[in-house]
Each structure stands twice: as structure tokens, then as C-alpha cells.
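A.B. asks: Residue numbers (the working numbering), protein chains in the order written: chain A, 2 to 162; chain B, 2 to 274. Note that the Cβ used here is the ideal one computed from N, Cα and C, for glycine as well.
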Amino acid sequence: MPEDRSRAVVSLAVTAPSSASRLAARTLADRARAATNSGLLADRIAALCHGDQSQSARIAAFVSELQITLEAAPPGSWDPFNLRRDGVTIPCEAWTRTMREPSECDIESAIQCMATVHSVGAPARGERMRALRLLGQEGYDYLVSAIGPREGEDANVKRDA
Amino acid sequence: MTPDGDMPMDAVRRTPEGEHLADQERLLEELADRLVSKETEFAALVAELTRFRGSYLARFAPLYAELDRLEAEVARLLADRSRDDGPAATAARAWAEEAEAQAADSASAAARAPTAPEPRLEPSPDLKSLYRQVAKAVHPDLTSDEAERARRTRVMARASEAYAAGDEQALRRILDAEGTRPEEITGDDVGARLIRVLRKQAQIRMRLAELDELTRALTQDPLYVLFERSRGVEQAGDDPLAEDEHRLQIKIASVQARLARLRNASSQPSRAG
Numbered sequence: 002m003p004e005d006r007s008r009a010v011v012s013l014a015v016t017a018p019s020s021a022s023r024l025a026a027r028t029l030a031d032r033a034r035a036a037t038n039s040g041l042l043a044d045r046i047a048a049l050c051h052g053d054q055s056q057s058a059r060i061a062a063f064v065s066e067l068q069i070t071l072e073a074a075p076p077g078s079w080d081p082f083n084l085r086r087d088g089v090t091i092p093c094e095a096w097t098r099t100m101r102e103p104s105e106c107d108i109e110s111a112i113q114c115m116a117t118v119h120s121v122g123a124p125a126r127g128e129r130m131r132a133l134r135l136l137g138q139e140g141y142d143y144l145v146s147a148i149g150p151r152e153g154e155d156a157n158v159k160r161d162a
Numbered sequence: 002m003t004p005d006g007d008m009p010m011d012a013v014r015r016t017p018e019g020e021h022l023a024d025q026e027r028l029l030e031e032l033a034d035r036l037v038s039k040e041t042e043f044a045a046l047v048a049e050l051t052r053f054r055g056s057y058l059a060r061f062a063p064l065y066a067e068l069d070r071l072e073a074e075v076a077r078l079l080a081d082r083s084r085d086d087g088p089a090a091t092a093a094r095a096w097a098e099e100a101e102a103q104a105a106d107s108a109s110a111a112a113r114a115p116t117a118p119e120p121r122l123e124p125s126p127d128l129k130s131l132y133r134q135v136a137k138a139v140h141p142d143l144t145s146d147e148a149e150r151a152r153r154t155r156v157m158a159r160a161s162e163a164y165a166a167g168d169e170q171a172l173r174r175i176l177d178a179e180g181t182r183p184e185e186i187t188g189d190d191v192g193a194r195l196i197r198v199l200r201k202q203a204q205i206r207m208r209l210a211e212l213d214e215l216t217r218a219l220t221q222d223p224l225y226v227l228f229e230r231s232r233g234v235e236q237a238g239d240d241p242l243a244e245d246e247h248r249l250q251i252k253i254a255s256v257q258a259r260l261a262r263l264r265n266a267s268s269q270p271s272r273a274g
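1) What runs of the alpha helix (DSSP H), each 4 residues or longer, lie entirely inside the segment 162-236 of chain B?
2) Below 8 Å between beta carbons: does that hold for B:Thr144 and B:Arg155?
3) Quick check on A:Arg27: buried or exposed, where buried means 16 or more other Cβ atoms within 10 Å of its Cβ?
4) Distance, Cα to Cα, A:Arg98 vs B:Arg94?
5) What distance in whole Å lies between the Cβ atoms of B:Leu172 and B:Lys39, which are believed to be in contact at a cut-off of 8 Å?
6) Distance check for B:Gln202 and B:Glu149, CA to CA, integer angstroms please.
7) Where A:Arg32 and A:Ser22 are concerned, what is the direct C-alpha to C-alpha distance, given to the nearest angstrom?
8) Could you check where the alpha helix (DSSP H) with B:Asp146 kicks off and where it finishes?
9) State the Cα-Cα distance for the pair B:Ala80 and B:Tyr65, rounded to the nearest angstrom.
10) So, does the CB of B:Arg52 fall closer than 8 Å to a CB anywhere in chain A?
11) Going by C-alpha distance, which of B:Gly167, B:Thr216, B:Lys252, B:Arg27 is nearest B:Leu128?
12) Counting Cβ pairs closer than 8 Å, one from the segment 15-26 of chain B and one from the segment 102-111 of chain B, do we hit at least three?
13) List, in order along the chain, the chain B residues whose C-beta lies closer than 9 Å to that of A:Ala25?
14) Is there a Cβ from chain B that is less than 8 Å from the Cβ of A:Ala35?
15) With H, G and I counted as helix, E and B as strand and the rest as coil, what does DSSP make of A:Ala26?
16) Can you tell me where the alpha helix (DSSP H) with B:Arg262 in it begins and where it stops?
17) Go to B:Ser125, then tell me how far its alpha helix (DSSP H) extends in each direction, as first and last residue.
18) So which of B:Ala45, B:Asp190, B:Arg60, B:Arg113 has the shortest CA-CA distance to B:Ser130?
19) Residues of chain A with a CB under 7 Å from the CB of B:Tyr65: which are they?
20) Taking B:Arg248 as the query, report the chain A residues whose CB atoms sit under 8 Å from its CB, ordered along the chain.
21) Between B:Gln134 and B:Leu176, is the Cβ-Cβ spacing less than 8 Å?
22) Compare the beta carbon distance of B:Arg77 and B:Ala97 with 8 Å and say whether it is the shorter of the two.
23) With B:Val139 and B:Arg259 assumed to form a contact (beta carbons below 8 Å), what rounded beta-carbon distance in angstroms separates them?
24) Does any CB atom of chain A fall closer than 8 Å to the CB of B:Ala108?
25) Output the boundary residues of the alpha helix (DSSP H) element that contains B:Ala114.
26) Do you know whose CA, among B:Leu195, B:Tyr164, B:Ala62, lies nearest B:Leu29's CA?
27) Any beta carbon of chain A sitting closer than 8 Å to that of B:Asp245?
28) Pick helix, strand or coil for B:Arg15, following the three-state DSSP scheme.
29) If you run the structure through DSSP and keep just helix, strand and coil, what is B:Gly238?
30) Drop a sphere of 10 angstroms on the beta-carbon of B:Val234, count the other beta-carbons inside from all chains shown, and report buried for 16 or more, exposed for fewer.
31) Using the rule of at least 16 other Cβ atoms within 10 Å of the residue's Cβ for burial, across every protein chain shown, is B:Gln170 buried or exposed?
32) Can you grab the Cα-Cα spacing for the pair B:Met157 / B:Thr41, in whole Å?
33) On the three-state DSSP scale, how would you describe B:His21?
34) Could you check what DSSP says for B:Ser109 in three-state terms: helix, strand or coil?
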């Protein structure tokens, strides 16, 4: 049977892989990533926030804004997931050593800081300073604008304070 | 009357070879029915998928193009800021190149995409029935004459396109035109007729296998997977892609904000500390 015959009979999209297929693959990957990311994040954040749902939601929104993706780490890795941003996968351990700007912050520590800042009753200046150091000024300002300072907190902490 | 318009079987049925020919012709008719059904199902699937593809591209190709364009800008800004040759700078430049290639690809897809989602066209029972009649009348695998097969292939392609477009008039015109064609005249002996019947059966089996293969390839395409997952939701009256679209729009807004921050940071003197 001539090969072009089926093409003639079908004559439509089926026979030619297309840009539509590539975009559809991205949509499917986005769905899978969103499901995995939100699932992993929800677990981590819920654990850190000791079940405080409103706090979890604020932190999840902040992490989401940073556009960081959690993905399952390869078997044998010390941590169950890696962080991915800007097309680069970075093991958690590497992230803990970079503290220059929000895109490079140690997100795990930042989550812990935020959880602590928002869960302890005291002003927790030490924790705020730790978050500032981890996130950088821009990241800290962004954090405060995203989730807001607690009552009595000074939102204008500066790195050199 | 056989599909070739041969003489009735009564005259030859009394002989063993005549009985065998009659059995094979019954089998041929069964195979032909299966082929026409399968061809109709496949054409319906292709038509639905084609509509979905148009709607999907109209909605998502511009969004992906915009997202990729913004990400390529972010990537290029970060790459330009990395002036050393360390691993971070190399990764930034590689990401910028990858992002720019992706932006070019999605911009091209967006340029070719339909400008508006296509309306859902559920094939009517009449349309399905018409296509089935056309397939039965002109399917290339129901003739053993090579020239006739070539002609039927062209007609069948036109019928498939008409079906995909929901064009009943075009299908009816094809059917009417076929009805007025002089029937194939045959008057061969039992042996020749048997050979012809067996060859047609072989052709039909090949086409059935080919349809299976085409369907298998189709179901592995990501677009089909997305279509299949969307179909049930769409039939329930919901928009199966609304969440995907929303997620993309949020991502675009987020990358826009990030790009603005990066530009702002680039235009300001660096902070002390």
C-alpha cells in the first residue's frame, strides 16, 4: 500500500507532528508540575506551620511567586526533592549556600524563617534578621509586602540594622 | 450483487469452488463492513481532534509565545549580568539561548494559530451516515483495480475533509456522483473471481491494520492526550482548559513583574551591604 495513501485518506493533523503537539506537551508537563509542586510544597509548608492553614497559604503564595519548582530528586539523593528555577536544577544543599537575592535564596530556610516569624508571639527580631540575611533586602521587602508584618513588627528592617 | 457487480451466485453455487467463492464473498462483505465502521470512527476522531487543535492553538499559542518572549528577556538580562566564566554564568547563557530558541518556536506557532477558538461541531447522525455510505461506495480497498484505487483515494480524501468540516452538501455531492458512475463490468470465471475476492480481503486487512497503527500513533501524541483528558470535562459543560490558561496568565504576570524588577535593579546603583 503506497505510504502517501493513508496520508491522503487521513489528510489531516494526524500524520504530522506539529507545534500544537509540542505546546500540548508543555501544558501536560505544566499540569504535572503544578500537581507535584503544590503537593510537595503543601506537605513541607504544612509541617513547618504546624497546621496553621492561613499561614501556610501565605507562605505558599510567596513561594509560588518566586517561581520555584520542587521536583523529585533522583534515587539516592540525600534530600527527597530538588529546587528548579530558570531552567536549572539545583540541589537543596547548594541553595543553602547562596543568599544573594530572592531567586537564589535558600528557600527551605526562608520557609522556616517565615514560619517562625509568623508563629512566635514575640517580635522575633532575631528571626527577622535571619530572614533578611537569607533573602536579601529585596527578598525581605518582597516577603513583607507579600505576607505583611505581624502586629508590632517593624517592616522596615534593613540589612545593616 | 457483489461489490464488483458480478453475476448472482446462483449459477455457480452448486459447485464446490462456487460454495467456497460464496463463503469468501460473505467474509469480504463482513470485512468491508468492519472497514467502513472503523474508517468512520477514525474520521470522527480526526475531525474532533482537528477542532480541538484549532481551539487549543487559538487560546494557548499566543500565551506561550508571550511567556517565552518574557522569559527569554529575563534570561538574556541575567546572562548579560554574568560577566565571568564560572558555572553560574555558563548556565545563565545556556538558559538564555534555550529560552530564545523556545520563544522563536512558540512565536511561530502563535503566528500560524487560528485567531479564535473553533466552535464545537458534533457530527450529526446524518453526517455520520453519509460518510459511511461514501466510504462503502468509494473506499479504495474495496476495488482491486489500481487506476480505480487511485481515483477512489482522491475521492476518499475529499470525503474525509468534508466530514471534518461538517459539510453534508459536499458529502452528498460525492455520493451522488459515485451513484451515476457506470458499474464495473465483470464476467470472469469462478477462479478469477475468487482471486479478486481474496486480494480485496488482503487489502482490507492491511488497511484495518494501518488504521490500528494510525490510531495507536495518534493516541501517543500529547495533543491527543490533552484532548482525551478534556473531552469528558467538555461534555459535562465545563471548560477543561480554564485552569491551564489561568496558570499561564499568572506565570506571565509573574515573569513580567520579575522582568520589571530586574530592569529596575539594573538601572539603579547597587545597594551597600
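C.D. replies: The short version:
1) Counting only runs of 4+ residues, the alpha helix (DSSP H) found wholly inside the segment 162-236 of chain B occupies 169-180, 191-221, 223-236, in chain order.
2) Counting from one through the second sequence, the residue named residue 144 of chain B turns up at place 143. Counting from one through the second sequence, the residue named residue 155 of chain B turns up at place 154. Their beta carbons are not under 8 Å apart, which means B:Thr144 does not touch B:Arg155 by this criterion.
3) In the first sequence, counting from the first residue as 1, residue 27 of chain A sits at position 26. Counting Cβ neighbours within 10 Å, A:Arg27 comes out buried, since at least 16 surround it.
4) Start at 1 with the first residue of the first sequence, and residue 98 of chain A comes out as number 97. Start at 1 with the first residue of the second sequence, and residue 94 of chain B comes out as number 93. Annotation note: pLDDT 36 at A:Arg98 (below 50); position unreliable, coordinate value reported separately. Rounded to whole angstroms, the separation of the alpha carbons of B:Arg94 and A:Arg98 is 22 Å.
5) Counting from 1 along the second sequence, the entry for residue 39 of chain B is found at position 38. Counting from 1 along the second sequence, the entry for residue 172 of chain B is found at position 171. About 18 Å separates the two Cβ atoms, so there is no contact after all.
6) Counting from 1 along the second sequence, the entry for residue 149 of chain B is found at position 148. Counting from 1 along the second sequence, the entry for residue 202 of chain B is found at position 201. CA-to-CA, the gap between B:Glu149 and B:Gln202 works out to about 17 Å.
7) If you number the first sequence from 1, residue 32 of chain A lands on position 31. If you number the first sequence from 1, residue 22 of chain A lands on position 21. In this structure, the straight-line span from the alpha carbon of A:Arg32 to that of A:Ser22 is close to 15 Å.
8) Working through the second sequence from its first residue, we reach residue 146 of chain B at position 145. Segment: none, B:Asp146 is in no alpha helix (DSSP H) and carries neither H nor E.
9) The count along the second sequence starts at 1 and reaches residue 80 of chain B at position 79. The count along the second sequence starts at 1 and reaches residue 65 of chain B at position 64. The straight-line gap separating the alpha-carbon atoms of B:Ala80 and B:Tyr65 is approximately 22 Å.
10) Here residue 52 of chain B is taken as the residue at index 51 of the second sequence, counted from 1. B:Arg52 does not count as touching chain A.
11) Taking the second sequence and counting its residues from 1, the one referred to as residue 128 of chain B is at position 127. For B:Leu128, the nearest C-alpha among the options comes from B:Gly167.
12) In short, these stretches do not touch, since the Cβ pair count stays below three.
13) Indexing the first sequence from 1 puts residue 25 of chain A at position 24. Here the neighbours are Arg54, Tyr57, Phe61, Asp222, Pro223, Leu224, Tyr225, Val226, Leu227, Phe228.
14) Start at 1 with the first residue of the first sequence, and residue 35 of chain A comes out as number 34. It does: the Cβ of A:Ala35 has a partner Cβ on chain B nearer than 8 Å.
15) Residue numbering aside, residue 26 of chain A sits at position 25 when the first sequence is read from its first letter. Helix.
16) For the purposes of this step, residue 262 of chain B is identified with residue 261 of the second sequence, where counting begins at 1. For B:Arg262, the uninterrupted alpha helix (DSSP H) run begins and ends at 243-268, by DSSP.
17) Taking the first residue of the second sequence as position 1, residue 125 of chain B is located at position 124. Membership of B:Ser125 in any alpha helix (DSSP H) is not indicated, and neither H nor E is assigned to it by DSSP.
18) The sequence position of residue 130 of chain B within the second sequence is 129, counting from 1. Distances from the CA of B:Ser130 to each of B:Ala45, B:Asp190, B:Arg60, B:Arg113 were compared; the closest alpha carbon is that of B:Ala45.
19) By one-based count along the second sequence, residue 65 of chain B stands at place 64. Near B:Tyr65 (Cβ distances below 7 Å), the residues of chain A are Leu24, Arg27.
20) For this step, residue 248 of chain B is matched to residue 247 along the second sequence. Taking a Cβ-Cβ cut-off of 8 Å, the neighbours of B:Arg248 in chain A comprise Asp31, Ala35, given in sequence order.
21) Sequence index remark: in the second sequence, residue 134 of chain B carries index 133 (1-based). Sequence index remark: in the second sequence, residue 176 of chain B carries index 175 (1-based). It is a contact, given that the beta carbons lie within the stated cut-off.
22) Taking the first residue of the second sequence as position 1, residue 77 of chain B is located at position 76. Taking the first residue of the second sequence as position 1, residue 97 of chain B is located at position 96. Yes. Within cutoff.
23) Along the second sequence, one-based indexing puts residue 139 of chain B at 138. Along the second sequence, one-based indexing puts residue 259 of chain B at 258. The Cβ separation is near 58 Å, so there is no contact.
24) Translated into positions along the second sequence, residue 108 of chain B becomes position 107. Not one chain A Cβ lies under 8 Å of B:Ala108.
25) Against the second sequence, residue 114 of chain B aligns to sequence position 113. B:Ala114 -> no alpha helix (DSSP H), and no H or E assigned at all.
26) For the purposes of this step, residue 29 of chain B is taken as residue 28 along the second sequence, with counting starting at 1. The alpha carbon of B:Leu29 has as its nearest neighbour, out of B:Leu195, B:Tyr164, B:Ala62, the alpha carbon of B:Leu195.
27) Counted from its first residue, the second sequence places residue 245 of chain B at position 244. Between B:Asp245 and chain A, the shortest Cβ-Cβ separation is below 8 Å.
28) Start at 1 with the first residue of the second sequence, and residue 15 of chain B comes out as number 14. DSSP places B:Arg15 outside both helix and strand once states are collapsed to three, so it counts as coil.
29) Looking up residue 238 of chain B in the second sequence gives position 237. In the three-state scheme derived from DSSP, where H, G and I count as helix and E and B as strand, B:Gly238 is classed as coil.
30) Start at 1 with the first residue of the second sequence, and residue 234 of chain B comes out as number 233. In this structure B:Val234 is exposed. Its beta-carbon is surrounded by fewer than 16 other beta-carbon atoms within 10 angstroms.
31) Looking up residue 170 of chain B in the second sequence gives position 169. In the assembly as shown, B:Gln170 is an exposed residue. Its beta-carbon has fewer than 16 other beta-carbons within 10 Å.
32) Here the question's residue 157 of chain B lines up with position 156 in the second sequence. Here the question's residue 41 of chain B lines up with position 40 in the second sequence. Near 11 Å, if we compare the C-alpha coordinates of B:Thr41 and B:Met157.
33) For the purposes of this step, residue 21 of chain B is taken as the residue at position 20 of the second sequence. In the structure shown, B:His21 falls within a helical segment according to DSSP collapsed to helix, strand and coil.
34) As a position in the second sequence, residue 109 of chain B is number 108, starting the count at 1. DSSP, reduced to helix, strand and coil, places B:Ser109 within a helical segment of the structure shown.
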